[in-house]
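Undergrad: Got a structure for you, written out below as structure tokens; questions coming shortly.
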Amino acid sequence: MAPLNQSTDVNSPTADEANDRLHKNYEGDDRVYDELVDGHGRIRPHWRTFLAGLATMSDAEIAKAWTSAERLVRDYGVTYNVHGDPSGEDRPWRLDPIPLVIAPAEWRQLEEGLIQRARLLNAILADLYGEQRLLTEGALPPALVFGNNQFLRPVHGIEVPKGIYLHFLAIDLARGPDGRWWVLSDRTQAPVGAGYALENRVIMARTLPELFRDCRVERLAAFFQTFRDDLIGMIASDDPRIVIHSPGPTAETYFEHAYLARYLGLPLVEAADLTVRDQRVFLKTLTGLQPVHMIWRRVEAENYDPLSLQSGGLNGIPGIVEALRAGQVTIVNALGSGLMECDALMNFLPNLSRKLLDEDLMLPQTATWWCGSEDGRSFVLGNMDKLVIRPTFASRSIMQDMPAQVIGANLDADARADLAERIGRHGEDFIGQDLVTLSTAPGWQDGQLQPQPIALRVYLAAHGDSYRVMPGGLTRTSEHPDAQAVFMRQGEASKDTWILTDGPMTAFSRLSQAEQRQAPKRGGQDVPSRAADNLFWLGRYAERMEGGVRLLRALLMRIVGDYADDDATVRAALLDLMVDHGHLAKPTAKRVGGRGSDMSERDLSFLVFDPEAINGIGTLVSNLRRTAASVRERLSGDSWRILQDLQSRIEGYRQQSNHEVDATLHLLSQALRMLAALSGMQMENMTRGFGWRLLDMGRRLERARLLAKLIEGLAGRGGPAEGTALNILLQLADSSITYQTRYLADPQAFLVIDLLLIDDTNPRSVVFQLDRLTDHLAALPRAAEQAGLSDEQQQLNRLQAKIDLADLKELGQAVDRRRERKALIELMAAVESDLGAISDAVTRHYFSHAEPLGRSGPIWLGSAP
Amino acid sequence: MRYDVSHVTEFDYSQPVSISHHLLHLTPRACTFQISHQSRLVIDPAPAVNQAGSDYFGNPTTFIVVQAPHEKLTIRARSLIDVAPVTPPEPAATMPWDQVAAAVRADSSKPMLDIAQFMFVSPFTKAGDEVEDYARESFAPGRPVLDAARDLTKRIFNDFTYDGSATDVSTPVDEAMRLKRGVCQDFAHLQIACLRKLGLPARYVSGYLLTHPPEGKEKLTGADASHAWLSVWCPGHGWVDLDPTNDLIPGDEHITLAWGRDYGDVSPVNGVMVGGGEHEVKVAVDVRPLQSSRQNGRG
Chain A
1 MAPLNQSTDV NSPTADEAND RLHKNYEGDD RVYDELVDGH GRIRPHWRTF LAGLATMSDA
61 EIAKAWTSAE RLVRDYGVTY NVHGDPSGED RPWRLDPIPL VIAPAEWRQL EEGLIQRARL
121 LNAILADLYG EQRLLTEGAL PPALVFGNNQ FLRPVHGIEV PKGIYLHFLA IDLARGPDGR
181 WWVLSDRTQA PVGAGYALEN RVIMARTLPE LFRDCRVERL AAFFQTFRDD LIGMIASDDP
241 RIVIHSPGPT AETYFEHAYL ARYLGLPLVE AADLTVRDQR VFLKTLTGLQ PVHMIWRRVE
301 AENYDPLSLQ SGGLNGIPGI VEALRAGQVT IVNALGSGLM ECDALMNFLP NLSRKLLDED
361 LMLPQTATWW CGSEDGRSFV LGNMDKLVIR PTFASRSIMQ DMPAQVIGAN LDADARADLA
421 ERIGRHGEDF IGQDLVTLST APGWQDGQLQ PQPIALRVYL AAHGDSYRVM PGGLTRTSEH
481 PDAQAVFMRQ GEASKDTWIL TDGPMTAFSR LSQAEQRQAP KRGGQDVPSR AADNLFWLGR
541 YAERMEGGVR LLRALLMRIV GDYADDDATV RAALLDLMVD HGHLAKPTAK RVGGRGSDMS
601 ERDLSFLVFD PEAINGIGTL VSNLRRTAAS VRERLSGDSW RILQDLQSRI EGYRQQSNHE
661 VDATLHLLSQ ALRMLAALSG MQMENMTRGF GWRLLDMGRR LERARLLAKL IEGLAGRGGP
721 AEGTALNILL QLADSSITYQ TRYLADPQAF LVIDLLLIDD TNPRSVVFQL DRLTDHLAAL
781 PRAAEQAGLS DEQQQLNRLQ AKIDLADLKE LGQAVDRRRE RKALIELMAA VESDLGAISD
841 AVTRHYFSHA EPLGRSGPIW LGSAP
Chain B
866 MRYDVSHVTE FDYSQPVSIS HHLLHLTPRA CTFQISHQSR LVIDPAPAVN QAGSDYFGNP
926 TTFIVVQAPH EKLTIRARSL IDVAPVTPPE PAATMPWDQV AAAVRADSSK PMLDIAQFMF
986 VSPFTKAGDE VEDYARESFA PGRPVLDAAR DLTKRIFNDF TYDGSATDVS TPVDEAMRLK
1046 RGVCQDFAHL QIACLRKLGL PARYVSGYLL THPPEGKEKL TGADASHAWL SVWCPGHGWV
1106 DLDPTNDLIP GDEHITLAWG RDYGDVSPVN GVMVGGGEHE VKVAVDVRPL QSSRQNGRG
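Pasting the structure below:
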């Protein structure tokens, strides 16, 4: 094969030299196929352009490119949530900067085999969920269907549009020593990784732009655009709505769900966002129920409908199977498609291919023996030390106290005898598979290219009556040189996959295509109620955290800073406020607060991270992060990064062994700056859809509530320390400068009250917040049948009237015998409780769709009378 | 024997339910020994969707959705059913169980496929080695299948205590095995798990049992309950019912509602609601024989 591209002179001595520099120690294992060099140590032709291009970069340039790639991974927040931990624990995605390069002719041949395989898998599903002739004619053993919990009886017989069960599937491949690609497994349920592949591509194209261009790499965008268009094309409605259904932020691959939703411009939903009424599926949005015609699910099928498909928990969408049966919704991939992930079926595919397609199966596949057949069982028992042994159905572990798969050769005599006995008794439950040898491809290790084992996951989408292959894939690699295919499922790092083209390049970007098709739209109307709820709380938590940080800072400065000699009553008032706001628990405040400047480091850390406090700073930051995670696809990358940073700084500080006052104050100032940046992002970068309004409503409501509490706590009382208290109040409300420029004097109560309560030009006044709330409520959608003002609007109007009618003089001056400003205290208490009622009314009105599910039945007889 | 069966399920919710979906298996299926003359379902409040159908196993189902807010839901089922007495095969004359296990695997004809449905582990019948060991005590090689299965039924009856408070819907078979306690559903699942461990087809039967008041007492209204038992496949005869709760082969005092792989496939009332808070459920079952008969049993 000739070099594909001569844009770089590969024969020039400098190029050779540089080439040599990159791979002088590159030595493949003779027993495996190497992607880069052939059996004679020559560079394979399709790698030459890439290698030559790479060679023109100096070590420093390469290092810089890699650093930039790593930074991009972090910046895009590409993560893989290993433990499914909602509070963090996301593992950054690992991207090896050397792509896997595949020649065009080879790819075309592979494509043919992949498409055939996808057609075959789809045809098998069509039979098993229909006539089941494969079973009655003996082509497949019933055990592999009826014994598989992925065979979903409630959807049997439900027709799927155009006979497509598999709309989007993945096939795992490895290249054998013979140079051919072998199928390792089929992923037909809700295959993971296409979004990561896309993200890898975006990062690589930015990291190595010239190389990427010179290599003439097939683009991925057209594949996804066509997939989306094909899905839309299947919907009869004029206003088709497709949603991506994710288990939510706790899912391992939530990043991918959010990424694909953004990339394809489809709403990302969770089960609770969908409801079935009149056997049709709806999305619960702020504007009411919107019909959903198609669901691209990233969720396992067996728990999809708590009514028909499972017997335990409450995940899923009740009634969706009935909606399917009524032909009102299409689920992608069809429920029950996971059946084809069972490796034991592979053995039967060559025969099924001839039977169903009248074609020989093109792609070779990992040799697999099912112990449910006599032949398979005796082979596996006779060759245990050459095989890996697995449960037939992935959901069962191989033995009660054994891992999910075992390599026969690694078993000691007892374990082997035990396993053999078990296979003899319950053969159906076991398969044996050949140990697969992976090919190696160059990876970047210690500043040079090193051969590393790889496996390739490729993606296919249904198109017409056939399939299209994504020209690329997710290559997974391991630095461990003898990684066997069986362990590649938890591959350590990934690579971009470059399919070279020898034809004309299509200049295709998703945006340009979309522009041709669509009229300009104004977004933000399709906000699911759950997302609205989360956005509202995101706003509230952000504001609550800011308030907490300001209070804590003020308190610390009073205790140990320059103002430490201030009146103890001010300190007490601040501590009371901290307790009142839940930033401190009462016992902590008592214990720590009394000590004043004698406070120890331990006390200090208690102040910041009081584990007893419901709104402690540590708790607030994780609430903030968790709430943000659940609406991540609606936040800009920058906002997300700020939140990550904020949490990791606070967490980092918490884990430090000693906490000094200066460092603590520094941390609090940093936190304030980040929160300000977050708020700025939201003001400047979010479109003014309903989502933004809810977020801002949460902020305004919380800010007004905090202000009322602060005014009550710090201006509600006269006395000798009044000046200090008012100063602190102004600082906490971030209005000191305004006051000073306006009045050039020490604070006076009624002027401060005017500025923080009534002044509608001060963005930190109560009235200002209420005005914004009024605007938002007026702009939110209302049910058509509702006349007049909503509950929350009426309550808000009444609250505003209360403040309008209050006499400022009375509020500011009337200090009674107990030195209290009674009118002010009463008004602030009213503001607080009215705001609580308004928040409840908003919740009832807009988020009530997000109510929890309950189960009525099943009934265990023991519990019946 | 003719029966008038009434089955009333009443849900009382502490908070309004905005929407509830229920899948009902409350209409008796027709089978060779049973005719359902009349079966009515009355649901209050009236459901917006009320769809009759049948499930994968051929049981009649009703899918109902109440879409208006409600704090109470009442489902009344009433059926008039004739049950014919069945003569079970002579246990000792049935095929050896190991031959049955081999035969059902060798045959892929359509009728046999319908039986093969019931050979494999299902969600409620997962069990470990202990259960298999327990089962094998009754199944010496070559023992006639019904003879062995009947023996297992007797052992479960003797070894286990009927206890309405020991288990609930989430108790796995292994746990009931350790407790040696449970209700009819646990015993049926246990015996099914045992039989399937040995490669024998076994299916779960949901239905009713005629109960008799203690000597000299009036039968109380609503005192009956749903019941559950199982069937084992005996080639040459078909499915033969076994009731491990009462240690007997059911005759004409067992009324069949539905069958499936386990309780999860055929639970009489299975529902999911949005909202509702805590709820109370009341179930009242009356099995009225329209001709008299005598037999004692527990549900």
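Chains A and B, in that order, are what the protein sequence lines are.
Okay, so the first sequence: first residue is 1 according to the working numbering, each after it adds one.
Okay, so the second sequence: first residue is 866 according to the working numbering, each after it adds one.
The C-beta atom is built at its ideal place from N, Cα and C for all residues, glycine as well.
Can you pull the chain A neighbours of Leu888/B, defined as C-beta to C-beta under 8 angstroms?
TA: Neighbours of Leu888/B on chain A, chain order: Leu307, Ser308.
Undergrad: If we define contact as Cβ-Cβ less than 8 angstroms, is Glu851/A a contact residue for chain B?
TA: Chain B, which has a Cβ nearer than 8 angstroms to the Cβ of Glu851/A, makes this yes.
Undergrad: Can you grab the Cα-Cα spacing for the pair Arg544/A / Leu264/A, in whole Å?
TA: Each residue's alpha carbon lies about 35 angstroms from the other.
Undergrad: Compare the Cα-Cα distances from Pro442/A to each of Asp434/A, Leu435/A, Pro451/A and report the closest residue.
TA: The shortest C-alpha separation from Pro442/A is found at Pro451/A.
Undergrad: With which residues is Phe847/A paired in a DSSP beta bridge?
TA: Partner(s): none; Phe847/A has no beta bridge.
Undergrad: Quickly, what does DSSP pair Thr287/A with across the bridge? List them, please.
TA: DSSP lists no partner for Thr287/A.
Undergrad: For Leu1011/B, name the three-state secondary structure that DSSP assigns.
TA: Helix at Leu1011/B.
Undergrad: Which residue comes first and which comes last in the beta strand (DSSP E) that contains Met1138/B?
TA: 1134-1140 is the extent of the beta strand (DSSP E) around Met1138/B.
Undergrad: In three-state DSSP terms, what is Arg894/B?
TA: DSSP places Arg894/B in coil when its eight states are reduced to three.
Undergrad: Any residues in the region 928-939 of chain B with a beta carbon nearer than 9 angstroms to a beta carbon of chain A? Which ones, in chain order?
TA: The residues in question are Phe928, Val930, Gln932, Leu938.
Undergrad: Taking just the CA atoms, how far does Val269/A sit from Val631/A?
TA: Going from the Cα of Val631/A to the Cα of Val269/A covers about 10 angstroms.
Undergrad: Which value, in whole angstroms, describes the spacing of the CA atoms of Leu357/A and Glu137/A?
TA: Cα-Cα distance, rounded: 16 angstroms.
Undergrad: Please list, in chain order, the chain A residues whose beta carbon lies closer than 8 angstroms to that of Ile884/B.
TA: Under the 8 angstroms cutoff, chain A gives Thr275, Arg277.
Undergrad: Between which two residues does the beta strand (DSSP E) containing Asn915/B stretch?
TA: Its beta strand (DSSP E) spans residues 914-919.
Undergrad: Between Ala194/A and the rest of its own chain, which residues show a CB-CB distance below 6 angstroms, the 5 nearest in sequence each way excluded?
TA: For Ala194/A, where only same-chain residues beyond five positions count, the Cβ hits under 6 angstroms are Tyr459.
Undergrad: For Arg517/A, which residues in the same chain have their Cβ closer than 6 angstroms to its Cβ, ignoring the five residues on either side in sequence?
TA: For Arg517/A, the predicted model reports a pLDDT of 45, less than 50, meaning its position is unreliable and no value from the coordinates is stated.
Undergrad: Taking the Cβ atom as the reference point for each residue, do Val986/B and Gly147/A lie within a distance shorter than 8 angstroms?
TA: In contact: Val986/B and Gly147/A (Cβ atoms closer than 8 angstroms).
Undergrad: Take every Cβ of the region 153-162 of chain A, pair it with every Cβ of the region 990-999 of chain B, and state whether three or more of those distances are shorter than 8 angstroms.
TA: No, because fewer than three Cβ pairs between the region 153-162 of chain A and the region 990-999 of chain B fall closer than 8 angstroms, the two stretches do not touch.
Undergrad: Could you work out which residues of chain B lie near Ile859/A, taking near to mean beta carbons separated by less than 7 angstroms?
TA: Within chain B, the residues near Ile859/A are Val1134, Val1146, Val1148.
Undergrad: Using only the alpha-carbon positions, how far apart do Ile940/B and Val281/A sit?
TA: Straight-line Cα distance between these residues: approximately 25 angstroms.
Undergrad: For Val1097/B, collect the residues of the same chain with a Cβ closer than 8 angstroms to its Cβ; drop the 5 residues on either side in sequence, then sort them by chain order.
TA: So the list reads Val1010, Leu1011, Ala1014, Leu1060, Leu1065, Pro1066, Ala1067, Trp1104, Val1105, Leu1107, once near-sequence residues are dropped.
Undergrad: What's the gap between the Cα of Asp1165/B and the Cα of Leu286/A?
TA: Within the shown structure, residues of chain B are numbered from 866 to 1164, placing residue 1165/B beyond reach of any answer.
Undergrad: Anything in chain A within Cβ reach of Phe876/B, meaning under 7 angstroms, just list it in chain order.
TA: Chain A residues near Phe876/B: Ser856.
Undergrad: Exposed or buried, His46/A, counting other C-beta atoms within 10 Å across all chains shown (16 or more means buried)?
TA: By the neighbour-count rule (16 or more Cβ atoms within 10 Å), His46/A is buried.
Undergrad: Return the chain-ordered list of same chain residues with a C-beta closer than 6 angstroms to the C-beta of Val1139/B, the five sequence neighbours on each side being excluded.
TA: Once the five neighbours on either side are set aside, the close Cβ partners of Val1139/B are Ser883, Ile884.
Undergrad: So, is the C-beta of Phe146/A closer than 8 angstroms to a C-beta in chain B?
TA: Phe146/A counts as touching chain B.
Undergrad: Are the C-beta of Phe1052/B and some C-beta of chain A separated by less than 8 angstroms?
TA: Not an interface residue.
Undergrad: With DSSP as the reference, label His1077/B as helix, strand or coil.
TA: His1077/B: coil per DSSP, three-state reduction.
Undergrad: The alpha helix (DSSP H) with Cys1049/B in it runs from where to where?
TA: Residues 1049-1062.
Undergrad: Does Met1042/B come within less than 8 angstroms of chain A when only Cβ atoms are used?
TA: Not an interface residue.
Undergrad: Work out the CA separation of His156/A and Ala126/A for me, nearest whole Å.
TA: Cα to Cα, the separation comes out at about 10 angstroms.
Undergrad: CB-CB under 6 angstroms to His776/A, same chain, minus the five flanking residues each way: which ones, in chain order?
TA: Around His776/A: Arg693, Met697.
Undergrad: Using only alpha-carbon positions, find the residue among Leu314/A, Glu300/A, Val299/A that is nearest to Pro306/A.
TA: Among Leu314/A, Glu300/A, Val299/A, the Cα nearest to that of Pro306/A is on Leu314/A.
Undergrad: Roughly how many whole angstroms lie between the Cα atoms of Asn797/A and Ser765/A?
TA: Taking the straight line joining both Cα atoms gives about 17 angstroms.
Undergrad: With distance defined between alpha-carbon atoms, name the residue in Ala222/A, Leu729/A, Leu184/A nearest to Leu555/A.
TA: Of the listed residues, the one whose Cα sits closest to Leu555/A is Leu729/A.
Undergrad: Are the C-beta of Gly88/A and some C-beta of chain B separated by less than 8 angstroms?
TA: Because the pLDDT at Gly88/A is just 46, under 50, the model does not fix this residue reliably, and the value given afterwards should be weighed accordingly. Output row for Gly88/A: interface = no.
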